[in-house]
Structure formats: structure tokens, C-alpha cells
Amino acid sequence: MASYYYLISSLPDLRTDGDMPMTYDEFLDMCQSNVSESKYELLKNLTLSSEEGPLLKEWSAFYKNLMGELNYQRSVSLGRPYLTSYDKDSVIAQVAGAAMAAKNPLEAEKILLECEFDNLDSLVGLHTFDDRYLFGYAIKLKLLERQSCFVQSKGQKEFKRLFDQVQQRVYSL
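Here's what the structure looks like:
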């Protein structure tokens, strides 16, 4: 297993409650000269549901279960049956329930992000300068990249726009 002492020690900390310290493309630029071609290709093609690479099978199983539980709870709340099978996990069910009960979608995303980061930390364990750590970091960066798409002011502005449209249609009746 390769060691990436310089690369990993130069990466900024990733936190759920802060801004993204770097983009995924910047991360890839740092990795390009420090990892093998095969690892770089895996990192370049990485998605949140990727299964190929260090740590990714375990992550993918967790992520599928989390998404399955969210879909199940959404279906139940809408009174619809959920026929897709998935591995039930009580901790994941509690997290999904907390996300469903959140006061707004942004708060729900923050709850899910905390759980995802905690899971990645446990999957990485005591690995520090190797592939497992690097791929755990990459997934965290992908999660933060997704989170950065949610801007509260834009969401409120879009909600107001849609609500105004609905009001205009109602008043025109």
C-alpha cells in the first residue's frame, strides 16, 4: 500500500460546519503527481456511489443503506409502499428520522453530512498516510462539494418566486 506523507500532510482539514477549503479539481491537481495512474483515475472518476477503490465498498454499502432508509421513510410519510429491499440499521434509521424531522432541507442535509463524515472517520480508522485515508478524504470533499450547492439565500429566493407564482394563479381564478 502506498504512502502519501507529503500529499496528505499538505491537505487542509475538512469540517462539516465550514466552507470547502479547496475544490475537488484542486484536490485532483495535488494528487496527480503524487499517486499512481490507476489511483488517480479512480479518484478522477469518483462518485458518492463508487465501489472500486480502497474503502469504497464499505462506504458504498453504508451510503446505499442511508439512501434506502431515506427513501423508505419518505415513502411511509407519503403513504406509499416501499418495495425495494435494503439492510435495515437502527442507527441509520435514527439519522434518517432526524433528517426527515428537520425544520428545513438545509438542516436535514447537515444532519446527513455529520453522519456521513462520522461513518467515513470510522472506516478510515487509524490509517493516516495511505490509500484508505486518501479515498476517505476524497469522499468527504465530494460530500462538501454537494453541500456547497445548497445556499440558503438562493433557496429562499426560489421558494418566494414559486410561492408568488402560485399566489398569482390563485388570485387570477
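Counting in the UniProt record's numbering, the sequence shown runs from 1 upward without gaps. Built from N, CA and C at the ideal position, the CB exists for glycine as well.
Between the C-alpha atoms of tyrosine 133 and isoleucine 92 there is a straight-line separation of about 23 Å. Measuring C-alpha to C-alpha distances from proline 105 to each of Leu120, Phe135, Ala138 and Lys154 identifies Lys154 as the nearest.
Within the same chain, Asn65 come within 7 Å of aspartate 89 by CB-CB distance, once the 5 residues on both sides are set aside.
Here DSSP, grouped into helix, strand and coil, assigns serine 49 to coil. The three-state secondary structure of aspartate 130, taken from DSSP, is strand.
Nearest in C-alpha terms to leucine 55, of all of Ser10, Ala108, Asn119 and Ile8, is Asn119. Here the C-alpha atom of methionine 22 lies approximately 8 Å from the C-alpha atom of proline 12. Collapsing the DSSP output to three states places serine 60 in a helix. Shown here, serine 9 sits in a helix according to DSSP, grouped into three states. The beta carbon of aspartate 19 is closer than 8 Å to those of Ser148 in its chain, skipping five residues each way along the sequence.
DSSP places methionine 22 in no alpha helix (DSSP H); its state is neither H nor E.
Relative to lysine 110, the option among Val95, Leu123, Ser122 and Val124 whose CA is nearest is Val95. Nearest C-alpha to lysine 57 among Arg169, Leu141 and Phe135: Phe135. For the options Leu7, Gly125 and Ser3, the alpha carbon positioned closest to that of phenylalanine 27 is the one of Leu7. Residue burial annotation: glutamate 37 is exposed, with fewer than 16 other C-beta atoms found within 10 angstroms of its C-beta.
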